[in-house]
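Undergrad: Questions regarding the structure given below will be posed in turn.
Residue numbers (my numbering), protein chains in the order written: chain A, 128 to 464; chain B, 128 to 464.
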């Protein structure tokens, strides 16, 4: 396996990516990594860590793509940026199987869409982040921002792709799929949801469990939520923000009284574990599903551990043959409809 | 002031509505209430509570509208249901100023839309629930489910109506308005959001503060969120569900170890206060803004206190002249564009 790692664009670049790659190489003996970025800085980190291995290759592309770049312009004009260069290698170099980047999401989606082919039959790629649900497991959301305008058929494909993703990455057999909607009953929502509901009911190979209201998101009833990119994005970010704000508020409460401080002291480990449990960085990056090559977008704030997790996530998706499974299921679905 | 209270359709009907009305009458000497529902049951509760006042009127309409009714069908066919009867009185009886119902949301919106006129110039009515933000204040979301398909002009009107609502109901001067979007920058999101952003920037009388990402919803930075009904609904329900699930999870943690149990004991009051703070029932019902008469939809699970709050909320909106202010601002906005 050969994976490209974009070493620019994250909050902790390039240290997070270079050190994350080194950690991933230690765990995965059949892995090779191409680090794309500022060669001098990358070498400096490797030297400091005394890493010398033929399994690391470096490609010099020191320009950075940022969240302020207009996606299409960046793809066309920033050809020497690490991200666009990495995408080009992903397309042109057949020995390269996957790519990991902590850089600008919008540019990555645009570059992948314009330069990397989609899996045969796939209408649109979709982002599928993983969120900790409060019952202790993960729940995926597909799509969460790659597409704002979608059709019922796209939502159906998001369900198929997300199902294979949850099975391959998290080992969840027959994941329970919910359609994000504003009510439980079949006829709730707009035409898009009503038509998608009908399609999802008869889609082979997925375990469709009906509409999901946003208040059920984290209760453990669903393993995968199917949504348009706008409301899927709202769902993920709202859950993340609310959990964080509630914990922050409790912390403030605890500090307000001696008695609570004492209680907080007794529960210190518990709160630390909860904070860790709710830390999105521990749940891997966000896979861009539906592309011919595996692409994982890490959080911008990823550190070396989070980057290692994202790289290993790409390994798992490759080893598990996720893309081949998606291709077969999409073909089967098209045949039956 | 004369307010109609629908005494069927809630989880605790008719006790919650009848007893809530009695409590509201005690606090508001200039208030009169019409209770619509099963007359015998209503009289039974009043007798049991020893309430005898000329300020209560009863209208017998014992049929119930439920969440399973198709909205349009219910409006046409269930004419003797308490909700549809109440809506008819609201339209026909000029002495009636407002209505409160804990019944089925979809039917209420359909009935109001079909039977009650909109404030001049208003394109669509919108729901605006109030959610506790973690900084200690409320934040409103307009719309949160009355409209799934919206235009930029509708979002602009939601901002205007929501602004007057937050000012009248919660006394927040010049509330900070955010547009729910998937990124902070002006150009983020779909065409709807980009055009709405431009309109909101130049809308007189509102304090537009730019795009709001869902993760900022509860941090206290915004007083009012403008959204299409679908994503607004997702936002509210996700925040509600997440806060609840986090507290539930902590409770489970606390019960898992003796040491944590002891800590929990010390913090018992704190957790109780937080649970109360996050209890949506304390934040009043959800106003349906933009109609010629004031309509407040209480939570289905409302008890007598929550129903009292909803009735008093209707009083405040009447006394504060919210609808007149909305009419003037919409006219001003139409003039300037």
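Each residue gets a CB set at the ideal place from its N, CA and C atoms; glycine is no exception.
Going along chain A, which residues have a C-beta under 7 angstroms from residue 386/B?
TA: 393
Undergrad: Using the Cα positions of residue 295/B and residue 429/B, report the straight-line distance between them to the nearest angstrom.
TA: 22 angstroms
Undergrad: Decide if residue 464/B is buried, meaning its Cβ has at least 16 other Cβ atoms within 10 Å, or exposed.
TA: The residue in question, residue 464/B, is exposed, as its Cβ has fewer than 16 Cβ neighbours within 10 Å.
Undergrad: Express the C-alpha separation of residue 175/B and residue 235/B in angstroms, rounding to a whole number.
TA: 30 angstroms
Undergrad: Return helix, strand or coil for residue 134/B, following the three-state DSSP convention.
TA: Residue state for residue 134/B is assigned as coil, using DSSP reduced to three classes.
Undergrad: Would you say residue 465/A reaches chain B, if we count a Cβ-Cβ gap shorter than 8 angstroms as a contact?
TA: Outside the displayed range of chain A (128 to 464) lies residue 465/A, so it cannot be described from this structure.
Undergrad: Excluding the 5 residues preceding and the 5 following residue 419/A in the sequence, name in chain order all residues of the same chain whose CB lies nearer than 8 angstroms to its CB.
TA: 243, 244, 245, 246 and 450
Undergrad: Go ahead and pull the three-state DSSP assignment for residue 437/B.
TA: helix
Undergrad: Who are the neighbours of residue 254/A on chain B, taking C-beta pairs under 7 angstroms?
TA: Simply none; closest approach about 11 angstroms.
Undergrad: For residue 187/A, which three-state DSSP category applies?
TA: Note: residue 187/A maps to strand in three-state DSSP.
Undergrad: Is it the case that the region 336-346 of chain B contacts the region 305-316 of chain B, given that we only count it when at least three CB pairs across the two stretches are under 8 angstroms?
TA: yes
Undergrad: Output yes if chain B places a C-beta closer than 8 angstroms to the C-beta of residue 365/A; else output no.
TA: yes
Undergrad: Can you tell me whether DSSP reads residue 335/A as helix, strand or coil?
TA: strand
Undergrad: Measure the alpha-carbon distance for residue 257/B versus residue 453/B and round it to whole angstroms.
TA: 18 angstroms
Undergrad: Quick one, which of 155/A, 194/A and 347/A has its alpha-carbon nearest residue 261/A's?
TA: 347/A
Undergrad: Closer than 7 angstroms, Cβ to any Cβ of chain B: which residues of the region 257-280 of chain A, in chain order?
TA: 261, 272, 275 and 276
Undergrad: Look up residue 306/A in the DSSP assignment and say whether it is helix, strand or coil.
TA: strand
Undergrad: Would you tell me roughly how many angstroms separate the C-alpha atoms of residue 180/B and residue 250/B, rounded to the nearest one?
TA: 40 angstroms
Undergrad: Note down, in chain order, all residues in the region 225-245 of chain A with a beta-carbon under 7 angstroms from any beta-carbon belonging to chain B.
TA: none
Undergrad: Can you give me the Cβ contacts of residue 469/A inside the same chain, cut-off strictly under 6 angstroms, excluding the 5 residues immediately before and after it?
TA: Residue 469/A lies beyond the stretch modelled for chain A, which goes from 128 to 464, so this question has no answer here.
Undergrad: Contact criterion: CB-CB distance below 8 angstroms. Does residue 450/A meet it with respect to chain B?
TA: Chain B contact via Cβ: absent.
Undergrad: At 4 residues or longer, what runs of the alpha helix (DSSP H) sit wholly inside the region 368-437 of chain B?
TA: The region 368-437 of chain B contains these whole alpha helix (DSSP H) runs: 385-393 and 395-404.
Undergrad: Measuring alpha carbon to alpha carbon, tell me which of 264/B, 162/B and 365/B ends up nearest residue 214/B.
TA: 162/B
Undergrad: Hey, quick one: how far does the beta strand (DSSP E) through residue 164/B stretch, first residue to last?
TA: Segment 159-164, the beta strand (DSSP E) holding residue 164/B.
Undergrad: Return the first residue and the last residue of the beta strand (DSSP E) that residue 268/A is part of.
TA: 265-269
Undergrad: Apply the 10 Å Cβ neighbour rule to residue 383/B and answer buried if 16 or more other Cβ atoms are within range, or exposed otherwise.
TA: Exposed is the label assigned to residue 383/B, since fewer than 16 other Cβ atoms lie within 10 Å of its Cβ.
Undergrad: Any Cβ of chain B within less than 8 angstroms of the Cβ of residue 401/A?
TA: Judged by the 8 angstroms Cβ criterion, residue 401/A is in contact with chain B.
Undergrad: Sorted by chain position, which residues of the same chain lie with C-beta nearer than 6 angstroms to residue 291/B's C-beta, five sequence neighbours on each side aside?
TA: 449, 452 and 453
Undergrad: Throw me the rounded Cβ distance for the residue 231/A and residue 196/A pair, which I believe falls under 8 angstroms.
TA: 6 angstroms
Undergrad: Need the endpoints of the alpha helix (DSSP H) that residue 209/A sits in, please.
TA: 209-219
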